[in-house]
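In the working numbering, the protein residues as written are 618 to 922.
Backbone N, C-alpha and C define an ideal beta-carbon position, used for all residues, glycine too.
In this text the structure is predicted, and so the values were computed from the model without any measurement.
Data first, discussion second: the structure below is written as structure tokens.
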Amino acid sequence: MRATTTRKFHKDRGLVARMYFTLFMLGVLYAIFTLFLIAAGTPLVLVAPIVGVMVVVQYYMSDRLILMSTGAKEVSAEQAPKLHLMVKTLADRYEMPMPKVAIIDTAVPNAFATGRNPKNALVAVTVGIQQRLNERELQAVIGHELAHVANRDMRILAIANFLVTLTSFLMTMLFWNMLFGGMGGRRNNGGGMMMVYLVTILVYFVGQLLVLALTRYREFGADHTGAEISGDPGALADALEKISGTVAGIPDQDLRKLQTANAFLIIPAALKGQGSMNLFSTHPPLQERVRRLRELEQRMQYGVR
């Protein structure tokens, strides 16, 4: 185990710029959409507060929901001393409070972190990942997970998901109102309502693509930040390749246990035959992640970020 020292990490400026540009485009999309809805006379007064409450509840309850769905059990320092020490070492480098630690009893090698801020963070690892990775690789994986917390990814995604959830809710409301005779008594405006419905579907689709792009950028960002903190990009690249190679041989019934947390996992627990297109994936291509980490490893060797 390496000595516990505080390290400064350097964010990938190009990646950060792309993340903020994606958020900006998401904001522009929904600003235009809101103006369209107002012009069309669509009542947003009731929709936005309802969706807002849904997203706030999800934001504050997401960690508990993920733990329940994956069967992760929180463990003390006495129960898992080596794991706690590893997490504490990296948390100190991030200058964040010690997160809670949990273990998932499954052979699937994977890990995730959750928490709306560093004070409410939790890191969960599976039994399988502890068995299959060496200490360097496991430390690099935990560094990646803590990077999500340090980068405030949950907060960014909560804002982005609010907009998409709002569109989804409105889309459903429009569908049922058209089905049962119109919205707000405007029964003779079926054509206008259909136009609003079609535009809502389009905005939902484009917004979903932007959010998925944002989630992929956050994975690249966590790879970069985590590798800088652990000081070992090569170990994280090795871990990603090892996890990916192992997941292919895991039975579907074991993978299903982690399906609900796919967006949070370091590598998705995809079922057989579920190959996903890059545009609709929550994670970037593995080969691209490994390539970036190998390049970062070379730059760090020569003192270049």
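Sequence-distant residues of the same chain with beta carbon closer than 7 Å to residue i, five excluded per side
i	result
residue 753	849, 852
residue 784	817, 820, 821, 824
residue 797	none
residue 885	879, 899, 900
residue 834	632, 635, 636, 639
residue 653	816
residue 809	657
residue 805	Its pLDDT being 47, under 50, residue 805 is placed unreliably in this model, and the value from its coordinates should be taken loosely. Within the same chain, residue 805 has no close Cβ partners at all.
Contacting residues, own chain, Cβ-Cβ under 6 Å from residue i (five flanking each side not counted)
i	result
residue 836	900, 901
residue 847	756, 757, 760
residue 914	850, 851
residue 715	705, 708
residue 683	731, 878
Reduced DSSP secondary structure (H/G/I, E/B, other) of residue i
i	result
residue 739	strand
residue 729	strand
residue 718	strand
residue 691	strand
residue 882	coil
residue 755	helix
residue 901	coil
residue 750	coil
residue 696	coil
residue 629	coil
residue 866	coil
residue 794	helix
residue 856	helix
residue 804	Residue placement at residue 804 is poorly supported in this model, since its pLDDT is 47, which falls under 50; the coordinates still yield a value, given next. Looking at residue 804 - three-state DSSP - the assignment turns out to be coil, as it is neither helix nor strand.
residue 848	coil
residue 657	coil
residue 713	coil
residue 724	coil
residue 895	helix
residue 677	helix
residue 834	helix
residue 919	coil
Cβ-Cβ separation, residue j to residue i (assumed contact under 8 Å), whole Å
i	j	result
residue 718	residue 692	6 Å
residue 777	residue 640	7 Å
residue 584	residue 840	Here the chain has residues from 618 to 922 only, and residue 584 is not among them.
residue 883	residue 729	7 Å
residue 703	residue 738	Actually they are not in contact, since the Cβ atoms of residue 703 and residue 738 sit about 15 Å apart, beyond 8 Å.
residue 721	residue 694	Wrong, their Cβ atoms sit about 18 Å apart, outside the cutoff.
residue 642	residue 827	6 Å
residue 857	residue 903	6 Å
Chain C contact for residue i (CB, 7 Å cutoff)
i	result
residue 640	The chain labelled as chain C is not found in the depicted structure, where only one protein chain is given.
Exposure of residue i, with buried meaning 16 or more beta-carbon neighbours within 10 Å
i	result
residue 743	buried
residue 767	buried
residue 838	buried
residue 811	exposed
residue 845	buried
residue 924	For the chain, the structure presents residues 618 to 922; residue 924 sits outside this window and is missing.
residue 670	exposed
residue 655	exposed
residue 710	buried
residue 745	buried
residue 897	exposed
residue 881	buried
residue 906	buried
residue 741	buried
residue 789	exposed
residue 771	buried
Same chain, Cβ closer than 8 Å to residue i, five either side skipped, listed in chain order
i	result
residue 911	850, 851, 854
residue 990	Residue coverage of the chain in this structure runs from 618 to 922, which leaves residue 990 outside it and unanswerable.
query: Fully enclosed by the region 762-787, which beta strand (DSSP E) runs are 3 residues long or longer?
result: none
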